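Heads up, the sequence shown is in the numbering used here, so the first residue is 794 and it goes up one at a time.
First up is the structure itself, then whatever we jot down about it.
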Amino acid sequence: MEKLLKLKNILEEVRMINISIGQLSWDQSTEQPKLARGEYSNVLAYLYGKSHSLIINDEVRDIINSLKDDDSLNNIDRAILNELKDDFEKKEKIPKEQYEEYARLQSLSTLAWEEAKEKDDFEIFKPFLEKIVDYDKKFIELIGINGHPYNTLLRDYEKGLNVDDLDKFFHTLKEELMPLVLKASSVGNPVFDFEHKAYDIDKQRKFSRFLSEYLGLDFQKAVLKESAHPFTDAFSNKDTRITSHYHLNKFLSSIFSTAHETGHALYEQGIDDEIAHTILGSGSSMAMHESQSRLYENIIVRNKNFWVPIYDKLQAIYYDNLKDVSLDDFYRCINKSQPSLIRIEADELTYPFHIIIRYEIEKLLFEDKVKVSDLPEIWNEKVYEYLGIKPTGFSDGILQDIHYSKGNFGYFPSYALGSAYASQFAYGMSKTLNLDECLLQGNLLKINEYLRRNMHKYGKLKTSKELLLEISGEEFNPKYYTEYLKDKFSSIYK
Ligand code: ZN
794 MEKLLKLKNI LEEVRMINIS IGQLSWDQST EQPKLARGEY SNVLAYLYGK SHSLIINDEV
854 RDIINSLKDD DSLNNIDRAI LNELKDDFEK KEKIPKEQYE EYARLQSLST LAWEEAKEKD
914 DFEIFKPFLE KIVDYDKKFI ELIGINGHPY NTLLRDYEKG LNVDDLDKFF HTLKEELMPL
974 VLKASSVGNP VFDFEHKAYD IDKQRKFSRF LSEYLGLDFQ KAVLKESAHP FTDAFSNKDT
1034 RITSHYHLNK FLSSIFSTAH ETGHALYEQG IDDEIAHTIL GSGSSMAMHE SQSRLYENII
1094 VRNKNFWVPI YDKLQAIYYD NLKDVSLDDF YRCINKSQPS LIRIEADELT YPFHIIIRYE
1154 IEKLLFEDKV KVSDLPEIWN EKVYEYLGIK PTGFSDGILQ DIHYSKGNFG YFPSYALGSA
1214 YASQFAYGMS KTLNLDECLL QGNLLKINEY LRRNMHKYGK LKTSKELLLE ISGEEFNPKY
1274 YTEYLKDKFS SIYK
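Laid out in structure tokens, this is it:
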């Protein structure tokens, strides 16, 4: 057990470094003065290098090898060891210098992306993106999972998932959902005058905070700040941080961004103390994480019953804009299906097509069938192919999401998978509690407790596969997602 203790000490040191990395990155996105940010890319690179060398060395390799067949480990230590072994096997193939250089590049590239997006100029970002893609390709060669090069990228977000699974999944979504998208398009939507009126930014901030608390986030263990692209960071189950964004004429965007990030943060707050400070103390996978954020954002906050107890509060805050808007109209407006350019503002029905567009482009890129310089044009073609509309520039096209600046290729499918998991979890949950009733009563606690007890507390102790099976009684099945969307939108569009 001496070795196990030694290993735990090393992992604790790595955790401390990772907290520093996380806090610095959080700071970079929320607080740092614009001109100070490039300064920290070296600090980040140094810290990444440090955490790499703490793990990737002969001592840790020996410990892993000597413990891997040790039957005396309890289930938590066993899971920690397996998680570490996976991470070790991946990282040992990447030389430390490249790992550091990549971290520096990610940080600078994010700054370039921000500027490029602001100025609507792809050329500012292009050289950084080219380097990022070159690195990712190099890492794929070094790490190399069998089959399609994209499989290696997917491993970071959902272990075991491959291109064949995704091809099948997206094929099903296209077959099942496209007729519905076309139908909704032909029926059309009423005009909602209130939607794009001016909504005081300070009131938006206040309502976001209220919403997040109402959903159950414990603000003794959380903060809510602002950033260009909303996101969640968690340093432990007692330090979860979310951001939202506020636009004068788009108040709904802040509501759904806040709901989404609150879902992520509730997941992190729900992790058991016993594993919270170990490498198991985070969401089971990125797709699992997105299942929770999308569950709160859509299945809960886009549900009419959710608004019944609090709609008068929303009306009171925005009295001038909403006093004559009925809950029915508000509900219809927040569930209006309409092809749009921005993924994070898309309705539930057209959303998966935003993901399919990104998935197909990324696959082409890593199959070496297209170059970085071709991306804006291919992006626009795909948007037209699937959504029938054309971006007006780069900012509402290829530059809209932060992910590529950080090299997060393979991430986007997690959103679609997560949405599908969410529907399957909601089905499982319906066996023991009545979601609509809870929402009507404003009893979010009951829902949160269910999710905590059955999912959140386990962190990485259970895989998404295990959780889906335990909760719904069957393996992943996209039917729950497509049926949910068909039911909901057939009823809205008659
Ligand atoms: Zn998310």
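Cβ coordinates follow ideal geometry from the N, Cα and C atoms, glycine included.
On a predicted model such as this, the values are computed, not experimentally measured, just so you know.
- L1004 and H1057 have their C-alpha atoms some 14 Å from each other.
- Going by DSSP, L1168 is part of no beta strand (DSSP E) but of the alpha helix (DSSP H) stretching over 1168–1180.
- Secondary structure of F1205 (DSSP, three-state): coil.
- Contact between the segment 1088–1096 and the segment 958–967 is absent: fewer than three C-beta pairs spanning the two stretches fall below 8 Å.
- According to DSSP, residue pairing for E893 in a beta bridge does not occur.
- C-alpha of K1175 to C-alpha of S1283: approximately 26 Å in a straight line.
- Inclusion of E1061 and N1030 in the CB contact set at 8 Å is warranted, their separation being smaller than that value.
- If you check the C-beta of S1047 against ligand 1, you find no heavy atom less than 7 Å away.
- In the structure shown, the three-state DSSP call for R1034 is strand.
- If you check the C-beta of H1057 against ligand 1, you find a heavy atom less than 7 Å away.
- In terms of Cβ geometry, L904 and G815 do not form a close pair [threshold 8 Å].
- Per DSSP, D1122 is one residue of the alpha helix (DSSP H) stretching across 1120–1127.
- Annotated three-state conformation of F1028 is strand, per DSSP.
- With 16 or more other Cβ atoms from the protein chains shown falling within 10 Å of its own Cβ, L1210 counts as buried.
- Taken through DSSP and simplified to helix, strand or coil, A1015 comes out as strand.
- In the three-state reduction of the DSSP assignment, L1192 falls in the coil class.
- Residue state for M1248 is assigned as coil, using DSSP reduced to three classes.
- Short of 7 Å from the beta carbon of I936, and not among the five residues preceding or following it, lie these beta carbons of its own chain, in chain order: K883, K886, T945.
- In this structure, T1055 is the residue among I1064, T823, Y1111, T1055 with its C-alpha nearest to the C-alpha of Q1085.
- Residue state for Q1131 is assigned as coil, using DSSP reduced to three classes.
- Residue environment: S859 is assigned as exposed (fewer than 16 neighbouring CB atoms within 10 Å of its CB, all protein chains considered).
- G1203 sits buried, since 16 or more C-beta atoms from the chains shown fall within 10 Å of its C-beta.
- Taking C-alpha positions only, I803 is separated from E852 by approximately 10 Å.
- Rounded to whole angstroms, P1023 and A909 show a C-alpha spacing of 18 Å.
- Between ligand 1 and E1083, a heavy atom-to-CB distance of less than 7 Å is present.
- Within 7 Å of the C-beta of S1086 there is at least one heavy atom belonging to ligand 1.
- The alpha-carbon separation between P1271 and E795 amounts to approximately 46 Å.
- Contact annotation: the segment 912–929 touches the segment 1188–1203, with at least three C-beta pairs closer than 8 Å.
- Between V1016 and R1034 a beta carbon distance of about 5 Å is seen, short of the 8 Å cut, so the two are scored as contacting.
- Here E1178 is exposed. Its C-beta has fewer than 16 other C-beta atoms within 10 Å.
- T965 sits in a helix when the DSSP states are folded into three classes.
- In the three-state reduction of the DSSP assignment, P972 falls in the helix class.
- Here the segment 1110–1125 lies against the segment 981–989, with 3 or more beta-carbon pairs under 8 Å apart.
- Closest by C-alpha distance to L837, out of N875, V1094, E894, T1143, is E894.
- In this structure, the beta-carbon distance from D1140 to S1130 falls below 8 Å.
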